[in-house]
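A short write-up of the structure that comes next.
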Amino acid sequence: MPLLQSLAVRRGALLLALVVGGFITTFTTGLNPVSVYATMFKGAFGSPRKIWILLQEIAVLLCVALALTPAFRMKFWNLGGEGQILAGSLASAACMICLGDKIPNAVLILLMLVCSLAAGAVWAGIPAVAKARWNTNETLFTLMMNYVATQLVAYFVIVWEVPKGSGNIGIINQATEAGWLPQIFGLKYLLNILLVAALTVLMHLYLSYSKHGYEISVVGESTNTARYVGIKVDRVIVRTLLLSGAVCGFAGFLLVAGTNHTLTTTIAGGRGFTAVMVAWLAKFNPLVMAASSFLLVVMDSGAGEISTAYGLNHSFGDILTGIILFFIIGCEFFIAYQVHFDKKEGGHDA
Amino acid sequence: MLDVVSFVPRAVAQGVPLLYGSTGEIITEKSGNLNLGIPGVMYVGAICGVIGSFLYERSLDGAQINAALGLLIPVACCLVGSLLMGLLYCFLTVTLRANQNVTGLAMTTFGVGFGNFFGGSLIKLTGAQVPSIALSATSNLFRRSLPFAGSMGWFGKCFLSYGFLAYIAFAAALAASYVLEHTRVGLQLRAVGEDPATADSAGINLTRYKYVATCLGCMIAGLGGLYYVMDYANGVWSNDAFGDRGWLALALVIFTIWRPKVSAIASVLFGGLYILYVFIPSGPAVKELYKMLPYVVTIVVLVLSSLRNQRENQPPESLGLPYFREER
């Protein structure tokens with residue numbers, strides 16, 4: 072199906088989802104759906120500050136989606152984004168806490184970056200090696216690694232908690248700001264956003280124009296073909312997953328050094344899972360992913376405004392997001408296949 | 021020293037939701053559907069039961085609760101809610117051949133959001149004059165155990181002190197095991213999950229098997245959510261309290277290598293691992309490491325089973341793949 076037509080189908084599905092979501096809103100809460108959507112829109116774009124937060128949220132989610140893409144193109148279902156982000160965050164925070172006032176700031180930030188990338192890569196590398204060597208199911212392995220990472224972070228949060236017994240770390244290096252990413256032009260999140268924008272372009276080039284990217288596509292289409300043409304499948308799997316995990320670790324670095332300046336077990340905030348849907352909605356095209364992560368982040372931050380405006384639970388946004396996802400997932404069928412309805416006339420099936 | 025008599029009942033209470041979830045998921049996965057929406061389904065099952073019994077208790081207006089209705093309403097609501105989730109999953113993945121991982125994750129987003137939204141807003145939406153959702157009357161019905169359990173010492177405490185949903189969980193797991201291994205229906209279901217093309221050419225109605233197995237699996241998993249709220253949590257709903265048990269149920273599926281009868285025992289083991297930190301004297305930080313145990317054990321089993329590479333210990337061959345007859 073031509074691109075314009077398939078975009079039209081997706082837009083139609085989105086519109087239909089909003090209408091159904093509106094009906095459900097009215098049915099369950101008795102509110103006017105138009106005003107609910109307006110409130111969501113205001114919650115997402117209402118003020119310059121909100122727009123900056125929105126952009127930074129989009130940047131982080133996009134970063135995770137970019138990380139998962141090379142693996143997905145290879146048909147390796149990396150559902151461990153959450154754990155890989157946490158591993159990266161943990162490494163960053165560890166550097167900040169242990170070395171905060173001992174080495175120059177620039178060196179510290181560089182060290183944090185390297186450690187985060189390495190931690191994320193290791194976290195994805197373990198399932199990748201198992202997949203390459205023993206064909207262990209990667210979906211389930213990466214999924215389990217998320218919870219191992221969560222508990223590991225929970226352990227270190229208690230080890231490093233300030234003050235003792237509070238159960239959280241608080242802002243790290245608040246006085247010295249050691250290990251914090253610098254603000255450029257006085258804007259807190261701009262550096263995060265620019266870094267991810269650059270990463271998006273790089274990832275697009277890597278996947279579409281490099282030898283590695285080509286090998287990934289071949290392995291994804293058929294491992295037998297890949298073997299036949301002399302691609303070392305094991306090596307491609309491990310290499311791609313190391314990259315995937317490292318970029319997830321980079322997202323963790325951005326979250327700790329650029330945005331939150333703290334470490335919690337929920338710092339990844341489900342992005343490892345949301346990013347799967349972001350990547351899939353964009354058909355694994357890095358540039359289109361910017362649009363799909365925009366859609367999901369707007370839904371989420373708009374939902375926060377509903378809860379303050381109407382006194383409802385903010386999870387309403389998740390319900391609407393779910394409905395939109397169901398519709399878009401469903402509409403892919405009508406893009407991939409042409410539907411013929413059999414007309415039964417005089418016993419002849421068409 | 022580990023106090024076994026108080027440890028076992030708590031391990032069982034933790035294990036029952038996992039057992040429901042894993043039994044449901046095993047049946048689903050045997051049909052070749054990898055339903056990652058199970059955590060969401062369990063939330064939906066739980067909250068539908070809560071909504072049902074909340075409205076029922078409110079309509080009583082202080083009158084005595086009718087035992088039969090008090091049990092039937094939440095169970096029926098729970099089953100209907102999870103059935104709808106199952107139908108949605110099947111419609112998207114079987115009829116529209118959508119990607120199973122993405123559909124499942126979307127269902128989890130939706131389901132957890134659905135549970136937390138109604139859990140957090142039910143009181144406001146119905147205009148009730150209560151501070152929190154506490155369904156103590158319904159919960160008492162669910163928690164009612166055998167009358168002579170208290171007089172039988174440690175035996176009663178370990179084996180007879182649970183509400184009826186706990187026993188149904190074990191019965192369901194054993195029944196599922198029997199059907200899968202010893203009946204024609206089970207054989208055909210396994211064939212669908214292993215090699216749909218072969219099953220299709222043998223005249224098995226794939227669509228029907230996938231729909232029925234997945235929907236049934238979702239309904240069983242939903243009961244796990246209901247058990248958690250009504251029995252384990254004493255009828256008190258609090259948002260996100262159910263936590264990551266849905267994913268743990270998925271871990272249990274792998275741990276038992278797709279065998280429901282093994283999961284009847286393994287679920288108690290998992291429940292025990294889940295709460296082991298309460299019983300082992302240690303610092304607060306080390307406790308967090310103990311909570312890692314169920315997942316680490318699952319990973320070890322996953323790797324070992326792929327390492328030994330025996331054919332009977334593998335996931336269903338076509339797990340996670342859509343089937344389209346005209347695509348060869």
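Chains as they are written, first to last, in my numbering: chain A, 72 to 421; chain B, 21 to 348.
Where is the CB? At the ideal position from N, CA and C, for every residue including glycine.
All values derive from a computational prediction rather than experimental measurement.
- Using beta-carbon distances, W351 of chain A counts as an interface residue toward chain B, with a partner under 8 Å.
- Under the three-state reduction of DSSP output, V205 of chain B falls in the helix class.
- Contacts with chain A at 8 Å (Cβ-Cβ) do not include A154 of chain B.
- The secondary-structure analysis by DSSP pairs I197 of chain A with nothing; it has no beta-bridge partner.
- Taking all protein chains in view, the Cβ of Y226 of chain A is crowded by 16 or more other Cβ atoms within 10 Å, so the residue is classified as buried.
- For L211 of chain A, the neighbours in chain B by C-beta distance under 7 Å run, in chain order, I274 and L322.
- Here I277 of chain B carries a coil assignment [DSSP, helix/strand/coil].
- Annotation for H283 of chain A: the continuous alpha helix (DSSP H) segment containing it runs K282 to E292.
- Taking a cut-off of 8 Å on C-beta distances, the segment 376 to 391 of chain A touches the segment 131 to 149 of chain B, as three or more cross pairs fall below it.
- Beta bridge pairing from DSSP links L258 of chain A with A:I255.
- Residues of chain B with a Cβ closer than 7 Å to the Cβ of T100 of chain A are, in chain order, L145.
- In the structure shown, the three-state DSSP call for V150 of chain B is coil.
- Three or more Cβ pairs closer than 8 Å define a contact, and the segment 306 to 323 of chain A falls short of that threshold against the segment 231 to 247 of chain A.
- Residue ranges of uninterrupted alpha helix (DSSP H) with 4 or more members, entirely inside the segment 75 to 138 of chain B and ordered along the chain, are 87 to 110.
- The segment 153 to 162 of chain B makes contact with the segment 245 to 252 of chain B, as at least three CB pairs between them are under 8 Å.
- Chain order gives the chain B residues near E403 of chain A as L116, R117, A118 and N119, where near means a beta carbon separation below 9 Å.
- Under a 10 Å Cβ-count criterion, N225 of chain B is classified as exposed, with fewer than 16 other Cβ atoms of the shown protein chains found around its own Cβ.
- Shown here for I168 of chain A: same chain residues with a beta carbon closer than 7 Å to its own, the five before and five after excluded, namely W231 and I243 in chain order.
- Across the structure, L209 of chain B and F275 of chain B are spaced so that their CA atoms are roughly 21 Å apart.
- Judged by beta-carbon spacing, S258 of chain B lies beyond the 8 Å limit of L272 of chain B, meaning their Cβ atoms are not closer than that value.
- A direct Cα-to-Cα measurement between A211 of chain B and D220 of chain B gives close to 9 Å.
- By alpha-carbon distance to G176 of chain B, the top candidate from B:R204, B:V25, B:Y252 and B:P151 is B:V25.
- The Cβ-Cβ distance between K144 of chain B and G382 of chain A falls below 8 Å.
- For the segment 286 to 316 of chain B, residues whose beta-carbon sits nearer than 7 Å to a beta-carbon of chain A comprise P304, A305, E308, L309, K311, M312, Y315 and V316.
- Looking at the DSSP output, V256 of chain B sits in a beta bridge with B:A154.
- Nearest C-alpha to S73 of chain B among B:I58, B:L91 and B:L289: B:L91.
- The beta carbon of V64 of chain B sits closer than 7 Å to those of G101, S102, M105, G131, F134, G135 and G242, all from its chain and outside the five residues before and after it, given in chain order.
- Not one beta carbon of chain B lies nearer than 8 Å to the beta carbon of T110 of chain A.
- By the C-beta density criterion, S197 of chain B is buried, having at least 16 other C-beta atoms within 10 angstroms.
- A residue is called buried once 16 or more other Cβ atoms fall within 10 Å of its Cβ, and I277 of chain B is buried on that count.
- I242 of chain A carries a coil assignment under DSSP once its states are collapsed to helix, strand and coil.
- Under the Cβ criterion (8 Å, minimum of three pairs), the segment 115 to 131 of chain B counts as touching the segment 396 to 404 of chain A.
- Not one beta carbon of chain B lies nearer than 8 Å to the beta carbon of V91 of chain A.
- Distances from the CA of Y109 of chain B to each of B:T123, B:S79, B:P314 and B:V70 were compared; the closest alpha carbon is that of B:T123.
- Using beta-carbon distances, A201 of chain A counts as an interface residue toward chain B, with a partner under 8 Å.
- In the three-state DSSP reduction, M312 of chain B falls in the coil class, being neither helix nor strand.
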